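Take a look at the structure below.
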Amino acid sequence: MSAYFDDKTIADFLRRSYFAVDGLWFVKTEEKRSFEDALELDNAVWRIMPKIQARKARELLGIDGCTLDDLLACLELKFSSEGYNYEINKLSDKEAEIVISACPWHSILVKSGRDSSAAAVADVICSSEFNGWSDEFSGHFTPVIKERLCDGGSKCIVGFILSHRKD
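Just so you know, we're using our numbering here: the sequence shown kicks off at 982 and counts up by one.
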């Protein structure tokens, strides 16, 4: 690491670049093609991204299992790294809720004047992303989106409920 920059400065720089590149390619695809095409490509990316993130989170946290606690620990790393304001409520050994009071993705859409597209984006991307995370934990947990900022709510509530193993 550089002697000039602390870890927080580097993380902030990389986080900003991560969000910017996601938004830029979406807008450029939309300009060349259509919103629908951009969303379709975005969905293809966000079906794969949870696999990459979950595998790296497992590696960094030394997690080999597929328990609810394992899933929540890895998601907590993701949410902390991306700058969410959130609370994780473990309701039982079989169920947890993540309450998100501030989502950086929603904030970016609002700040860029694209909040009218937020619900359409969330309909596709949030479901794909949370299902992808579940799949990386053997598909044991069914994600249920109960409330969303993108629908005008004051928060997102995402439940993870133990379900039968996916085959």
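Note that the Cβ used here is the ideal one computed from N, Cα and C, for glycine as well. The model shown is predicted, which means the values in this text are computed figures rather than measured ones.
On the DSSP letters alone, give me the boundaries of the alpha helix (DSSP H) that Gly1113 sits inside. Position 132 of the sequence shown, counted from the first residue, corresponds to residue 1113. Per DSSP, Gly1113 is one residue of the alpha helix (DSSP H) stretching across Ala1099 to Glu1117.
Which of helix, strand or coil DSSP assigns to Lys1032: As a position in the sequence shown, residue 1032 is number 51, starting the count at 1. Three-state result, Lys1032: helix.
Only counting the same chain, and skipping five residues up and downstream in sequence, which positions put a Cβ closer than 7 Å to that of Ser1135? Taking the first residue of the sequence shown as position 1, residue 1135 is located at position 154. So the list is empty, once near-sequence residues are dropped.
Kindly list the residues whose CB is nearer than 6 Å to the CB of Ile1069, restricted to its own chain and excluding five residues on each side of it in sequence; keep chain order. What you label residue 1069 is simply residue 88 of the sequence shown in a count that begins at 1. For Ile1069, where only same-chain residues beyond five positions count, the Cβ hits under 6 Å are Leu1053 and Ile1079.
Among Leu1056, Lys1009, Ser998 and Ala1019, which has the Cα closest to the Cα of Trp1114? The residue you call residue 1114 lines up with position 133 of the sequence shown. When each option's Cα is compared against that of Trp1114, the closest is Leu1056.
Euclidean distance between Cα positions of Lys1037 and Gly1140: Mapped onto the sequence shown, residue 1037 falls at position 56. Mapped onto the sequence shown, residue 1140 falls at position 159. In a straight line, the C-alpha of Lys1037 is about 23 Å away from that of Gly1140.
Where does the unbroken beta strand (DSSP E) through Thr1123 begin, and where does it stop? Locating residue 1123 in the sequence shown gives position 142, counting from the first residue. From DSSP, the beta strand (DSSP E) with Thr1123 extends over Phe1122 to Glu1128.
With H, G and I counted as helix, E and B as strand and the rest as coil, what does DSSP make of Cys1137? Your numbering for residue 1137 matches position 156 in the sequence shown. Strand at Cys1137.
Same chain, Cβ closer than 8 Å to Asp987, five either side skipped, listed in chain order: To locate residue 987, count along the sequence shown from 1; it is residue 6. Same-chain partners within the cutoff: there are none.
Backbone CA spacing between Tyr999 and Asp1023 [nearest angstrom]: Against the sequence shown, residue 999 aligns to sequence position 18. Against the sequence shown, residue 1023 aligns to sequence position 42. A direct Cα-Cα distance of roughly 14 Å separates Tyr999 from Asp1023.
Let's see if you can read the secondary structure: which residues bound the alpha helix (DSSP H) around Ser1088? Along the sequence shown, read from residue 1 onward, the residue named residue 1088 stands at position 107. First-last of the alpha helix (DSSP H) with Ser1088: Pro1085 to Lys1092.
Chain-order list of residues whose beta-carbon lies under 6 Å from that of Trp1027 (same chain, five-residue window excluded): Counted from its first residue, the sequence shown places residue 1027 at position 46. Within the same chain, and ignoring the five residues on either side of Trp1027 in sequence, the residues whose Cβ sits closer than 6 Å to its Cβ are Ile1106, Ser1109 and Glu1110.
Under the three-state reduction of DSSP, which class applies to Tyr1065: helix, strand or coil? To locate residue 1065, count along the sequence shown from 1; it is residue 84. Of the three classes helix, strand and coil, the one that applies to Tyr1065 here is coil, per DSSP.
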